[in-house]
Structure formats: structure tokens, C-alpha cells
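Colleague: Just passing along the structure, written as C-alpha cells.
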Amino acid sequence: MGEFVLNVNGAQLHVNAPAEETLLSVLRNRLNLTGTKYGCGEGQCGACTVLLNGRATRSCLISVGSAVNAKIVTIEGLETDGKLSSVQQAFLDEGAFQCGYCTSGMILSATSLLRQTPHPTDEQIVAAMNGNVCRCGTHPRILEAVKHASRLAAQGGTR
Amino acid sequence: MILRDDPNLESFQEEYWGPLGGLHVDRRDFLKLLGGELLICLAHPKAGSQESGRSFGGHELPKDVGAWLHIAADGQVKAFTGKVEVGQNIRTSLAQAVADELRVPFGSVTMVMGDTDLTPWDMGTFGSRTTPTMAPQLRTMAAAARQMLIEMAAERWHVEPGALAAADAKVSDTQNTRSLSYGELTRGENLVKVISTQESLTPASEWKVAGTPAPKAEGRDFVTGKHAYPSDIARPGMMFGAVLRPDGFNATLVSMDTTAAEKLAGVQVVKDGDFTGVVAADALTAQKGIAAIQAKWNVPAQPSNRDLFGYLKNNPESGRDNAPQHNAGSVEQAMAAADLKIEASYTVQYIAHAPLEPRAAVAEWEGEKLTVWTGTQRPFGVRDELAQAFHIPSAQVRVIQPDMGSGYGGKHTGEAAVEAARLAKAAGKPVKVTWTRSEEFTWAYFRPAGLIEIKAGARHDGTLVAWEHHNYNSGSAAIDTPYDVANRIIQYHPVRSPLRQGSYRSLAAAANHFARESHMDSLAHAAGMGSLDFRLKNLTDTRLRAVLEAAAHKFGWSGAKSAPERGFGIACGTDKGGYVATCAEIEINPATKMVRIRRVIQAWESGAIVNPDGLRNQNEGAIMQGIGGALFEQVLFDNGRILNPRFAQYRLPRFSDAPQIEIVLLDRKDLPSAGAGESGLVCVAPAVGNAIFAASGVRLTSLPMLPKNEVPGEPKSALRS
């Protein structure tokens with residue numbers, strides 16, 4: 010066991026965990042940030058996606074020890090003063106979910122994409138999102154939501 | 017409303033039996049299990065009273081309004097149902113039905129669902145039954161409540177109820193000079209009234225809230241991470257559990273040494289009969305504890321993919337009725353006289369539901385009282401599983417089902433719930449068990465594999481004259497042909513499945529439609545007719561014709577001419593009260609032979625539309641999920657072991673597989689609403705297969721059609737996905 014200080018959603022959080030424990034497990038089981046989901050444990054489904062220094066990262070594949078110096082953003086950290094981010098708002102507007110279990114990871118992958126590429130082509134969206142699985146099959150709506158978020162952000166959305 | 021005449025009854029029975037094999041309930045009891053009893057009682061009070069005391073396991077649906085509805089002093093309405101939300105959006109559509117019938121705004125209704133202490137008993141959420149049975153059930157109660165509220169206002173004002181009307185969450189006199197809100201009338205007291213007469217429900221043509229695209233109830237919680245799924249539940253002092261799994265199916269334990277595991281700090285090993293698990297303060301330590309257990313297993317020789325379909329044909333399940341389900345005329349004579357005759361075999365592999373949230377449960381004991389939060393489509397069934405496992409009355413068990421990371425028919429059982437409860441009992445603390453992806457792929461159950469043999473004959477002019485359809489193992493859902501054919505033998509052959517199998521979205525309707533609609537396409541080709549014309553020539557079912565024509569029109573079927581690199585396919589069918597037709601456009605890369613689905617148009621009709629946006633979403637999702645089973649999903653197994661129990665090895669539909677999708681909805685306000693969560697996927701595989709045939713001349717008869725890995729014992733296709 011070691012003590013780690015993580016920068017999560019702008020707060021410094023102290024946590025005791027084995028250094029090899031995954032960031033996913035620490036977020037969910039020690040910090041009660043359960044919006045980040047377990048889906049496969051091998052980086053194949055994207056349900057555990059968080060932002061690490063702004064980049065979409067599979068939290069099931071990295072250890073807590075390797076995340077100490079990074080700025081971590083989870084789904085719980087996207088709202089600003091109770092206002093949804095443009096990506097969150099777009100997913101809600103498009104009804105881009107069914108069971109919603111993949112939604113956190115989808116939103117963070119899309120957030121990462123739009124920060125780097127504010128106006129992505131369809132091919133860029135598919136490439137950026139292809140590692141995220143939606144088992145309910147809401148892919149067409151999610152693709153629409155990403156485009157909608159891009160437009161919202163261009164109109165001066167929150168992020 | 018009388019389920020006795022319901023043509024889909026057989027498939028509900030099958031869905032119920034699947035995961036529970038061996039539980040026998042007679043047909044009459046089964047009708048009650050479906051939730052039809054109350055409705056039958058209303059229609060036939062005498063028959064109902066005669067049947068009292070014969071219900072299954074003592075489960076009677078409550079007849080008092082208060083068990084289903086509560087109106088608080090502030091006017092907030094709670095509606096209670098044992099059905100569960102798994103992404104099919106019934107939390108929204110049922111609230112719409114209640115709001116509509118009670119005459120309150122959508123936003124004032126909250127659904128309380130799948131909690132065995134709070135909601136009326138329910139058999140489970142499957143078979144597309146929520147919309148046709150639970151919605152009218154709740155509407156009946158809401159209509160009764162509305163009438164009660166009118167009577168309460170009449171009593172306060174000393175006027176006749178006939179002079180009052182209910183609207184906008186209040187009762188007013190017809191001159192509108194005074195009104196009382198529902199909350200002022202109930203003051204939060206329970207509504208005590210036993211329903212004894214048939215309530216007349218609002219017809220779809222007069223719906224105000226139902227029939228509109230109401231957004232997903234509590235949708236904001238799904239984009240903020242706030243919604244707590246079963247695997248997110250945490251309790252004070254909660255520990256984490258993990259379970260020792262055998263090396264293969266039907267394995268017997270040869271030896272086990274838990275010394276090393278017991279020496280690990282913070283690990284408690286729990287042995288209870290055949291069950292071995294560990295408890296620890298965190299999930300990682302629990303996994304390490306399991307890994308430290310040395311166990312040797314004896315796994316007996318078992319079938320594999322290689323000999324699967326021969327095995328299915330030669331291993332009938334004994335003791336099951338094995339007569340044809342549908343039998344008409346003489347297939348033998350008609351085949352002898354037919355101009356065109358085609359025989360073919362079709363196969364489908366086992367596939368996995370792979371819900372993105374694997375099985376999970378948190379169990380907590382307080383003395384002999386057990387509470388379990390878990391993801392299941394049958395909370396009351398899991399409650400009974402737990403009661404049986406721990407030899408306690410069901411009344412001492414509470415199962416709570418938070419809206420979960422879906423099921424698709426794959427979560428009828430309560431394995432994780434029983435495991436968590438066993439560990440929690442031993443630990444004396446609440447315990448969470450979350451299955452790993454590989455556990456979910458191995459120890460859940462599968463969509464049945466199947467062999468389907470069809471022999472059919474037609475005249476030169478395209479008139480179908482004979483149809484013989486045998487399904488081995490995959491099931492009887494939608495096994496009968498909707499086409500007009502005088503001579504028929506249609507038979508389902510139950511088989512001793514080598515893998516644990518059970519319900520899957522649409523059951524065997526996907527397999528039976530794949531075989532039938534592929535075969536119809538081959539016949540059309542042999543007759544020199546177009547795929548659409550041949551179907552229409554042999555089809556008088558007006559609802560099916562309507563979706564077929566709607567899909568063809570939207571797709572531009574008449575102008576769709578297939579070529580070697582581009583193919584167009586069509587398929588149609590009906591099951592569980594839904595009517596569907598699907599047109600697909602595929603392209604084949606001439607160099608790589610890669611097949612890509614470019615466009616899918618699907619027309620859907622299931623009576624009066626409750627929520628058009630939800631209905632579109634279900635159809636779109638069913639198409640995407642259907643693409644997986646059509647093209648690449650398959651469980652590979654050998655000698656009792658699953659060979660591809662990981663997402664890296666089990667190909668799922670992804671964004672790059674998504675075609676352009678358009679859904680055409682037909683709204684039949686004159687017909688009762690049927691469920692729509694399942695049948696939207698049944699025509700995807702045949703439409704795509706027919707499009708591949710139209711382009712390449714290659715008839716693919718096995719699902720998946722274009723697997724990434726070659727299936728042992730199956731011919732290799734020249735085409736790829």
C-alpha cells in the first residue's frame with residue numbers, strides 16, 4: 010500500500026492503494042467516483058475512459074502510481090456551475106443512449122476529440138470513437154451527438 | 017386482452033423456460049404469470065373467481081389501486097411496477113401511460129421499478145410484454161384513481177361526480193368555477209379502492225402524453241455519471257468478493273489448496289459446499305486471493321464448434337413434445353407436384369449477450385433479513401433463488417434492481433446475487449461481487465446455436481405450394497411462415513444443448529427469419545422474380561405488406577439494381593406483435609473482398625406508437641446489434657472451455673460498422689401497442705445476406721456470415737468483414 014495524491018476534477022485527493030491498482034479501481038472503489046465504468050479491463054471497450062492531461066485514456070490500463078502527476082478529469086468533472094458541457098448537452102439533446110452504461114466513456118472520448126479537432130470530419134469521429142463500445146447500438150445517435158457538440162461549442166458553448 | 021388467444025404464447029413460454037429449464041408450470045398458471053390474470057378477471061369476473069387460489073406460487077396481482085399508484089400531497093405521482101429498466105426506455109413509456117390516463121404532466125410521474133419490497137410481484141421483464149401488459153395494467157389503475165379523485169371532490173363539494181371533470185392534475189366542476197388539485201384531494205393518503213369493474217381506457221387517438229417523443233426519464237443523470245448502476249452501489253463497511261471458477265464446464269474438483277490465499281493479508285477464504293470464494297477490503301486483494309488458490313479440476317470431454325451441428329441434430333431432448341407446431345395439407349404431395357424445389361440447411365452459432373455492465377451484486381444481511389442490489393431482468397425470480405439458497409422465506413429477502421447496464425435477455429438469473437450473499441453471510445459485512453468480462457463471457461448463458469432445415473416448393477408463376485421447416489435447438493419463436501402456403505410442416509426440435517443457453521433479444525426469431533427469408537430469396541431467384549414481388553405475391557397479411565411496401569418505397573427498391581460490387585437485399589417478418597421490413601445496401605471491395613453495409617432502411621409497425629423517439633432508438637439499436645450476429649459474433653468453444661472470452665477476441669459492432677440507418681414508423685392508433693425492444697433485429701441478417709447474394713451470387717447460410725476467425729468445421733467464405 011502507498012499513499013498517493015491525485016488531481017481529480019481540480020481537487021487534490023489523498024488515497025491509499027497498492028501502486029499497481031488500476032486508476033479505474035481507485036476512482037470507483039476508493040474515491041466513490043462511479044461514473045467511470047468497468048467494461049472489459051483490457052482497454053477494448055472504452056467504458057472506463059477518463060481525461061489524463063486532456064487526452065482520452067483508458068483508466069483500466071494505467072496504475073494509480075502512474076497517474077499521480079496528471080490532471081485527471083472524470084465524467085463527474087465536466088459540468089461547470091451545474092451547467093452541462095457541450096458534449097454532455099449534445100448527448101442529452103440527441104437521446105444518444107439507451108442503458109447509458111457506455112455514455113461516460115463516450116462523452117470523454119468525444120470531449121478529447123473535440124479539444125484536439127473542434128470540427129472533425131465523419132471519418133475522424135469514427136476513428137476517434139471506434140474504441141468505445143455501445144452494446145445497445147446507439148452508434149448513429151452518438152455520431153450525431155458528437156457533430157451536435159461541435160456545433161454547440163462553436164456557438165460559444167461551455168467547453 | 018385475453019392472452020389465451022395470443023399467438024405468441026409459445027415463445028414466451030420458451031423464453032421463461034430457457035434459463036430455468038426444468039420448472040414446470042401448466043398453461044393456465046402461465047397465463048397468470050404473464051400478468052394477464054387481472055385483466056382476464058375484469059373481463060370475466062366469474063371465471064376469475066373460479067380460478068382463485070390456483071395462481072402460481074401464490075402470486076396474485078394486487079387489485080387495489082394503492083399498490084400501483086400513490087399521489088403525494090404535493091401532487092407528485094409514484095407508479096409501482098416489478099418491471100425493470102434496462103435501456104429499453106420503459107421508465108419513460110410507462111410514465112407516459114400513467115400521466116396520460118391520470119391527466120397529469122409527464123414530469124410529475126416517477127416510476128418505482130423492480131424493488132421486491134415496494135412493487136407488485138412480476139414474473140420478469142422479457143418477451144416484449146411490458147407495453148402490451150404492464151402499460152394497460154397501470155392505465156387501468158390510473159383510470160380508477162382518476163375516478164376516485166372525482167368522487168372525493170364530489171363528496172367535499174356535495175355535488176354529483178358527473179358534474180366534475182379531471183384534467184391537468186386537478187378536479188374541476190364543469191363550469192370551472194372551482195377546482196382541487198390531486199394532492200389537495202389525497203393529502204398523500206393511500207388510494208384505497210379494489211378494482212372490480214372494467215375501466216375504460218383512453219383510446220390512442222385521444223392520448224396527450226403518450227404518443228409524444230418524451231425524453232428519457234432522468235436522462236440528465238446518464239450524462240453526468242450520477243446514475244448508480246448495480247455495480248456502482250456501495251454500502252457502509254462494504255467488502256469485495258471474488259469467486260473461484262472451475263477450469264471448464266461440468267468440471268469436478270480433484271484437489272484444492274487454499275493455504276497460500278489464507279496467508280495473504282486481509283483475505284478471508286469462504287468455503288461452502290461446492291462454492292469457494294474470497295472476501296477482502298478491496299477488489300484487487302480479492303482477485304489476488306482467488307489467484308493464490310491452487311485447484312485441480314477434471315474437465316470431461318465435451319462437444320466443440322467443430323461437431324456442433326451434427327451434435328444438435330442427433331441429441332434430441334427426451335421427454336419434450338416433438339410433434340410439428342404447425343401442420344397443414346400434404347407437403348409430400350405438394351413437393352412432388354411443385355415446379356421449383358429448393359432444400360437448404362442454415363446454421364447459427366452460439367453468441368453472447370455481452371451486456372457492457374457484467375453481472376454485479378451487493379448483498380447485505382441484517383440478522384436473517386437479506387437485501388441485495390443486483391442487475392437482473394427478474395428481481396422476484398432472483399429473490400426466490402436467494403430464499404431457496406439460504407433456506408429463508410422470500411419475505412425476508414429484498415431484491416433491488418437499479419436501472420442496469422442492459423441485459424438483452426441475458427440477465428434472467430441471479431448468480432452474482434447468490435455469490436455476494438454467500439460471501440456477505442460469511443464475512444458478516446456487506447459484500448460486492450462484480451463479474452469480470454471473462455466470467456460474464458463464460459459463466460452466464462448463451463443465445464442458442466441452431467440448425468434449421470428448410471424444404472420448399474413453388475410453381476413457375478411464383479406461387480408457394482409447400483414449406484417444411486425444422487429448427488434444431490435454436491427455438492420456436494417466429495417459426496411459422498407468415499406467407500400463404502397451403503401445405504406446411506413446421507417443427508421445433510428441442511436439443512440437449514452442449515452449452516448453457518437461454519433467452520436472447522428476439523429469441524429464435526432472428527434465426528428462423530434468417531433461414532426463412534434467405535430461402536424465400538432463393539425461391540424468388542429460381543422463379544425469376546424480384547425479391548419484393550415474390551414476397552408480395554405470397555402475402556396477404558396486410559400489416560406485413562404495409563411495412564414491406566413502406567420500407568421498399570423509402571429505400572427506392574424499384575430502382576435498386578444490384579451489381580458485383582454493390583448489392584441490395586430485402587426481408588420482412590413479424591413476431592411478438594411487431595411487424596418489420598428491412599432493406600440493406602452492401603458493397604464488396606473487389607480487391608479485398610471486404611463487405612461493408614452502407615445503408616439500412618427499416619419500416620416498423622407495432623400498433624399505436626407510445627413514444628416515437630424511443631421506438632426509433634430501439635429499432636436503430638436492434639439493427640446495430642443485429643449486424644453483430646449477422647456478420648461476425650460467435651462464441652468459440654472446445655471441450656468445455658470458451659476460447660474467446662474477451663472483447664479483444666469477440667468481435668462486437670463498432671462505429672466503423674455503422675451504416676446509414678433510417679427508420680420508417682407506421683402508427684396504427686386503431687391497434688393496441690405491442691412491445692418493440694426485440695423484433696427490430698430479426699430481418700437484419702437476411703436482408704444483408706440477400707444483398708450479398710444479389711451482388712456476388714454467393715448464398716451465405718451460416719450465422720455469422722463473415723466471421724473474423726474461421727469456424728472449425730465450417731467452410732471458409734471468400735468474403736470478409
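Protein chains in written order, with the numbering used here: chain A, 10 to 168; chain B, 17 to 737.
Think of the CB as a built atom: it goes at the ideal place given N, C-alpha and C, for glycine as much as any other residue.
#1: Is V378(B) near R251(B), with beta carbons less than 8 angstroms apart?
#2: My assumption, with CB atoms under 8 angstroms, is that R516(B) sits in contact with F584(B). Please give the rounded CB distance.
#3: Taking the alpha-carbon of A296(B) as reference, which of P148(B), V259(B), R561(B) has the nearest alpha-carbon?
#4: Alpha carbons only, please: which of I71(A), K156(A), L117(A) is nearest the one belonging to I134(A)?
#5: Hey, which unbroken runs of the alpha helix (DSSP H) at 4 residues or more fall wholly within the stretch 196 to 253 of chain B?
#6: Looking only at its chain, what residues have a beta carbon closer than 7 angstroms to the beta carbon of A162(A), apart from the 5 residues adjacent to it on each side?
#7: Would K209(B) pass as a contact of D116(B) if the rule is Cβ separation under 8 angstroms?
#8: Applying the criterion that 16 or more other CB atoms from any shown protein chain within 10 Å of the CB defines a buried residue, is L15(A) buried or exposed?
#9: Could you tell me which of T126(B), Y424(B), A344(B) sits nearest to C145(A), measuring between CA atoms?
#10: In the DSSP assignment, the beta strand (DSSP E) including S72(A) goes from what residue to what residue?
#11: From which residue to which residue does the beta strand (DSSP E) around N16(A) run?
#12: Using a threshold of 8 angstroms, state whether the C-beta atoms of V398(B) and T390(B) are closer than that.
#13: Using a cut-off of 7 angstroms between C-beta atoms, extract the partners of V135(A) located in chain B.
#14: Helix, strand or coil for V175(B) per DSSP?
#15: What three-state label does DSSP hand H128(A) in the structure shown?
#16: Note down, in chain order, all residues in the stretch 28 to 45 of chain A with a beta-carbon under 9 angstroms from any beta-carbon belonging to chain B.
#17: Please list the segments of the beta strand (DSSP E) lying wholly inside the stretch 75 to 151 of chain B, counting only runs of 3 or more residues, in order along the chain.
#18: Could you tell me whether the stretch 535 to 548 of chain B touches the stretch 701 to 711 of chain B, where touching means 3 or more Cβ pairs closer than 8 angstroms?
#19: Could you compute how far the alpha carbon of S65(B) sits from the alpha carbon of S212(B)?
#20: Over the uninterrupted beta strand (DSSP E) stretch that includes V364(B), give me the two end residues.
#21: Nearest chain A C-beta to Y520(B) closer than 8 angstroms, yes or no?
#22: I want to see whether chain A comes within less than 8 angstroms of P418(B), judged by CB atoms only; does it?
#23: Buried or exposed, going by whether 16 or more other CB atoms sit within 10 Å of the CB of G48(A)?
#24: What residues from the stretch 138 to 154 of chain A come within 9 angstroms of chain B, judged by C-beta to C-beta, listed N to C?
#25: Return helix, strand or coil for H476(B), following the three-state DSSP convention.
#26: Counting only beta-carbon atoms, is F530(B) nearer than 8 angstroms to chain A?
#27: Does any C-beta atom of chain B lie closer than 8 angstroms to the C-beta of T6(A)?
#28: On the criterion of 16 or more Cβ atoms from any shown chain inside 10 Å, does D673(B) qualify as buried, or is it exposed?
#29: Specify, as a first and last residue, the run of the beta strand (DSSP E) that R614(B) falls within.
#30: 8 angstroms is my cut-off, CB to CB: does E107(A) come that close to chain B?
#31: Can you give the Cα-Cα distance for A311(B) and L269(B), rounded to whole angstroms?
#32: Exposed or buried, R150(A), counting other C-beta atoms within 10 Å across all chains shown (16 or more means buried)?
#33: Do we get a CB-CB distance below 8 angstroms when we pair R236(B) with the residues of chain A?
#34: Report yes or no: is there a C-beta of chain A within less than 8 angstroms of the C-beta of T147(B)?
#35: For G227(B) and chain A, any beta-carbon pair shorter than 8 angstroms?
#36: For the stretch 109 to 121 of chain A, which residues have a CB atom closer than 7 angstroms to at least one CB atom of chain B, in sequence order?
Modeller: Looking at the coordinates:
#1: Position 362 of the second sequence, counted from the start, is the residue given in the question as residue 378(B). Position 235 of the second sequence, counted from the start, is the residue given in the question as residue 251(B). Yes, these two residues count as a Cβ contact at 8 angstroms.
#2: Counted from its first residue, the second sequence places residue 516(B) at position 500. Counted from its first residue, the second sequence places residue 584(B) at position 568. Between F584(B) and R516(B) the Cβ distance is about 39 angstroms, and since that is not below 8 angstroms, they are no contact.
#3: Position 280 of the second sequence, counted from the start, is the residue given in the question as residue 296(B). When each option's Cα is compared against that of A296(B), the closest is V259(B).
#4: Here residue 134(A) corresponds to residue number 125 of the first sequence, with the count starting at 1. With distances taken between Cα atoms, I134(A) lies closest to K156(A).
#5: The qualifying runs are 198 to 202, 236 to 239.
#6: Position 153 of the first sequence holds residue 162(A). S95, L123, P127, R168.
#7: The residue you call residue 209(B) lines up with position 193 of the second sequence. The residue you call residue 116(B) lines up with position 100 of the second sequence. No, the Cβ-Cβ distance between K209(B) and D116(B) is not below 8 angstroms.
#8: Along the first sequence, read from residue 1 onward, the residue named residue 15(A) stands at position 6. Classification for L15(A): buried.
#9: If you number the first sequence from 1, residue 145(A) lands on position 136. The residue with the shortest Cα to Cα distance from C145(A) is Y424(B).
#10: The sequence position of residue 72(A) within the first sequence is 63, counting from 1. Careful: S72(A) lies outside any beta strand (DSSP E) and carries neither H nor E.
#11: As a working note, residue 16(A) is residue 7 in the first sequence. Note, N16(A): beta strand (DSSP E), 11 to 17.
#12: Here residue 398(B) refers to the residue found at position 382 when the second sequence is read from its first residue. Here residue 390(B) refers to the residue found at position 374 when the second sequence is read from its first residue. In contact: V398(B) and T390(B) (Cβ atoms closer than 8 angstroms).
#13: Here the question's residue 135(A) lines up with position 126 in the first sequence. The answer, in chain order, is F671, S672.
#14: The residue labelled residue 175(B) in the question sits at position 159 within the second sequence. Note: V175(B) maps to coil in three-state DSSP.
#15: Position 119 of the first sequence, counted from the first residue, corresponds to residue 128(A). Note: H128(A) maps to coil in three-state DSSP.
#16: Residues E29, E30, T31, S34, R37, N38, R39, N41, L42, T43, G44, T45.
#17: If we require 3 residues or more, the beta strand (DSSP E) runs fully inside the stretch 75 to 151 of chain B come out as 85 to 87, 93 to 97, 125 to 129.
#18: The stretch 535 to 548 of chain B, when compared against the stretch 701 to 711 of chain B, does touch it at the 8 angstroms Cβ threshold.
#19: For the purposes of this step, residue 65(B) is identified with residue 49 of the second sequence, where counting begins at 1. For the purposes of this step, residue 212(B) is identified with residue 196 of the second sequence, where counting begins at 1. Unreliable placement is indicated for S65(B), whose pLDDT of 29 sits below 50; the coordinate value is still reported in the next sentence. Their Cα atoms are separated by approximately 11 angstroms.
#20: As a working mapping, residue 364(B) is identified with position 348 in the second sequence. 356 to 364 is the span of the beta strand (DSSP E), which, as asked, contains V364(B).
#21: Translated into the one-based positions of the second sequence, residue 520(B) becomes position 504. Y520(B) does not count as touching chain A.
#22: In the second sequence, residue 418(B) corresponds to position 402, counting from 1. Taking Cβ atoms only, chain A never reaches closer than 8 angstroms to P418(B), which makes this a no.
#23: The residue given as residue 48(A) occupies position 39 in the first sequence. G48(A) is buried by the Cβ-count criterion.
#24: Listed in sequence order: M138, N139, G140, N141, V142, C143, R144, C145, G146, T147, H148, P149, R150, I151, L152.
#25: Taking the first residue of the second sequence as position 1, residue 476(B) is located at position 460. Coil, per DSSP.
#26: If you number the second sequence from 1, residue 530(B) lands on position 514. No - not a single Cβ of chain A is within 8 angstroms of the one on F530(B).
#27: In the structure as shown, chain A starts at 10 and stops at 168, and residue 6(A) therefore has no counterpart that could be examined.
#28: Residue mapping note: residue 673(B) aligns to position 657 of the second sequence, counting from 1. D673(B) is buried by the Cβ-count criterion.
#29: Position 598 of the second sequence, counting from 1, holds the residue named residue 614(B). Element bounds for R614(B): 611 to 621.
#30: Within the first sequence, residue 107(A) is the residue found at index 98, counting from 1. Sequence check: residue 107(A) is Gln here, not Glu. Chain B contact via Cβ: present.
#31: Working through the second sequence from its first residue, we reach residue 311(B) at position 295. Working through the second sequence from its first residue, we reach residue 269(B) at position 253. Going by the C-alpha atoms only, they are around 7 angstroms apart.
#32: Walking along the first sequence from the start, residue 150(A) turns up at place 141. It counts as buried.
#33: Locating residue 236(B) in the second sequence gives position 220, counting from the first residue. Yes, its Cβ sits closer than 8 angstroms to a Cβ of chain A.
#34: Residue 147(B) sits at position 131 when you count from the first residue of the second sequence. So, not an interface residue.
#35: The residue you call residue 227(B) lines up with position 211 of the second sequence. With 8 angstroms as the cut-off, G227(B) does not count as an interface residue toward chain A.
#36: G109, Y110, C111, T112, S113, I116
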